[in-house]
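*Asks:* Okay, here's the structure, questions in a sec.
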Amino acid sequence: FLMIRRPPRSTHCISSAASDVYKRQAVNSCKFSLKGDKIASCDSNGVVKTWDTKMCSEKNTFHIDKKASANCVSIDRSGNTIGVGTDGGLIYLFSDLTGEREHLLKGHEDKCRVQAIEFDMNSKMIVSGGSDCSYRIWQ
447 FLMIRRPPRS THCISSAASD VYKRQAVNSC KFSLKGDKIA SCDSNGVVKT
497 WDTKMCSEKN TFHIDKKASA NCVSIDRSGN TIGVGTDGGL IYLFSDLTGE
547 REHLLKGHED KCRVQAIEFD MNSKMIVSGG SDCSYRIWQ
């Protein structure tokens with residue numbers, strides 16, 4: 447991935463990131479951390495990346511176990527835990543500090559596409575929504 451910094455102008459792109467031309471996949475979701483020092487992104491090939499916005503560089507890369515699409519991403523209040531909703535009704539929680547998977551949450555139907563995920567303001571609960579027409583609250 448290459449992050450390009452451009453001079454700031456209102457209503458114009460100031461920075462962008464692109465993967466190697468042979469491995470490009472559609473970016474499904476991206477979110478800023480609360481402090482604005484990090485961006486998390488996920489793609490249709492099940493790859494999740496975190497980016498340092500100050501250094502304009504990639505920080506970590508996480509891979510979903512199966513060849514499932516990573517549909518949505520969220521960052522907890524501390525900026526250390528990355529939540530990812532995937533096909534197959536699964537939610538992955540990764541540590542951006544260690545680069546390891548912390549938890550795998552199962553609760554949506556097997557063929558469900560988890561399409562939304564968000565941490566609460568205290569990072570003690572997560573809400574997710576899926577194509578199984580339900581939302582789940584995780585603690």
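According to the numbering used here, the sequence shown is numbered sequentially starting from 447.
Built from N, CA and C at the ideal position, the CB exists for glycine as well.
The model shown is predicted, which means the values in this text are computed figures rather than measured ones.
Buried or exposed, going by whether 16 or more other CB atoms sit within 10 Å of the CB of ALA472?
*Replies:* exposed
*Asks:* Quick check on this structure: which residue in PHE478, GLN561, LYS495, GLY529 has the alpha carbon closest to the alpha carbon of CYS632?
*Replies:* Since the first residue of the chain shown is 447 and the last is 585, residue 632 is not available in this structure.
*Asks:* DSSP three-state call for ILE510: helix, strand or coil?
*Replies:* coil
*Asks:* Quick check on the DSSP output: the beta strand (DSSP E) that includes LYS481 runs from which residue to which?
*Replies:* For LYS481, there is no enclosing beta strand (DSSP E), as DSSP marks it with neither H nor E.
*Asks:* Write down the C-beta distance between GLY535 and ILE572 rounded to the nearest angstrom, noting that I regard them as a contact closer than 8 Å.
*Replies:* Contact doesn't hold; Cβ gap of about 14 Å is too wide.
*Asks:* If you drop the 5 nearest sequence neighbours on each side, which residues of the same chain put their C-beta closer than 8 Å to that of MET567?
*Replies:* Scanning its chain for C-beta atoms nearer than 8 Å, with the 5 sequence neighbours on each side dropped, one finds around MET567 the residues ARG523, in chain order.
*Asks:* Hey, would you say THR507 sits closer than 8 Å to ILE485, going by beta carbons?
*Replies:* no
*Asks:* By the DSSP assignment, the beta strand (DSSP E) with GLU555 in it spans what residues?
*Replies:* Note, GLU555: premise wrong, no beta strand (DSSP E); not H, not E.
*Asks:* Could you give the distance in angstroms between the alpha-carbon of TYR581 and the alpha-carbon of GLY553?
*Replies:* 10 Å
*Asks:* Based on Cα-Cα distance, which residue from GLU555, ASP489, THR544 lies nearest to LYS513?
*Replies:* Scanning GLU555, ASP489, THR544 for the CA closest to the CA of LYS513 turns up ASP489.
*Asks:* Could you pull out every residue in the same chain whose Cβ sits closer than 8 Å to the Cβ of THR589, ignoring the five residues on either side in sequence?
*Replies:* The requested residue 589 does not occur in the structure, where the chain is confined to residues 447 to 585.
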